[in-house]
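Take a look at the structure below.
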Amino acid sequence: MIAGLYTYRHIDALFVKSIDWSLIETHWQDMMQVVLSIQAGKILPSTLLRKLGSQSRQNKLNRAFRELGRVERTLFLLRYISEADFRQSIRAETTKVESYNDFLDWIGFGGPILKSGDPIEQAKQVKYMDLVANTIMLHNVSDLTDVLTGMATEGWSLTKELVGRLSPYTRDHLRRFGQFMLDMDDLPPPLAPRPIGISEEDAGGDY
Numbered sequence: 750m751i752a753g754l755y756t757y758r759h760i761d762a763l764f765v766k767s768i769d770w771s772l773i774e775t776h777w778q779d780m781m782q783v784v785l786s787i788q789a790g791k792i793l794p795s796t797l798l799r800k801l802g803s804q805s806r807q808n809k810l811n812r813a814f815r816e817l818g819r820v821e822r823t824l825f826l827l828r829y830i831s832e833a834d835f836r837q838s839i840r841a842e843t844t845k846v847e848s849y850n851d852f853l854d855w856i857g858f859g860g861p862i863l864k865s866g867d868p869i870e871q872a873k874q875v876k877y878m879d880l881v882a883n884t885i886m887l888h889n890v891s892d893l894t895d896v897l898t899g900m901a902t903e904g905w906s907l908t909k910e911l912v913g914r915l916s917p918y919t920r921d922h923l924r925r926f927g928q929f930m931l932d933m934d935d936l937p938p939p940l941a942p943r944p945i946g947i948s949e950e951d952a953g954g955d956y
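Going by this note's numbering, the first residue of the sequence shown is number 750, and it counts up by one from there.
See below:
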């Protein structure tokens, strides 16, 4: 599909091998059975990868999946070369992931390294860090919503660009270390979600 939309020049040197289409065609039915088994929950993708990885590289089904993977990677790279919007969206999503990981590193007491060799303890540490991160982000978003709603009420013009520059990973107001006294009887008020007025010329209505 992509090859039919674009004409590529000066990139022949990037492609030094050819896809073995006959191998994919020969084992297509077996590959589809594997896909259906994964979709039906009969086998986990991780289990399949371990089995294929532990077998000889000469395993024909393994080779067929590798060839199909080369097809997907080639199509992805061609689209990445051709579409500026596609590159921009990938960069934006990558930045979000990197920002979140940096936030997790900041939250983790003693640094981001998982010091336990026990897989169960490692999974618990990751889940606990995610829980704390989501709690902080919810608190930040709630506070930001209150501030923005108040600004809109006072007549401030809120634009999509302005709101888009805000982040739920704000941490300057947090005391990372110290003694925390928890009062489980002191419950916060319920959340009251409400729209934020965004200038129509920027967003076409309420955000």
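Ideal Cβ positions, reconstructed from N, Cα and C, are used throughout, including at glycine.
Proximal residues to Y829 (C-beta, below 7 Å), its chain only, five neighbours per side dropped: F835 and R836
Close Cβ partners of D921 (< 8 Å) along its chain, the five nearest in sequence each way excluded: Cβ neighbours of D921 beyond the five flanking positions: none.
Less than 8 Å between C-beta atoms, sequence neighbours within five positions excluded: which residues of the same chain meet that for F764? T823
Beta-carbon proximity list for D951, same chain, < 8 Å, skipping 5 on both sides: Unreliable placement is indicated for D951, whose pLDDT of 45 sits below 50; the coordinate value is still reported in the next sentence. Within the same chain, D951 has close Cβ partners T908, K909 and E910.
Given a cut-off of 8 Å, decide if E816 and S773 are closer than it, judged by their beta-carbon atoms. In the sequence as displayed, the identity of residue 773 is Ile instead of Ser. Contact flag set, yes.
Pull up the CB-CB distance for R819 and I768, whole angstroms please, since I reckon it's below 8 Å. With 8 Å as the limit, R819 and I768 qualify as a contact, their Cβ atoms being about 6 Å apart.
For the region 894-907 and the region 928-935, state whether three or more C-beta atom pairs, one from each stretch, are separated by less than 8 Å. Of all C-beta pairs linking the region 894-907 to the region 928-935, fewer than three are shorter than 8 Å, placing the two stretches out of contact.
Which residue's Cα is closest to the Cα of T919: T884, Y757, I947 and F814? T884
With a threshold of 16 other CB atoms inside 10 Å of the CB of A735, please say whether the residue is buried or exposed. Since the first residue shown for the chain is 750 and the last is 956, residue 735 is missing from the structure and cannot be characterised.
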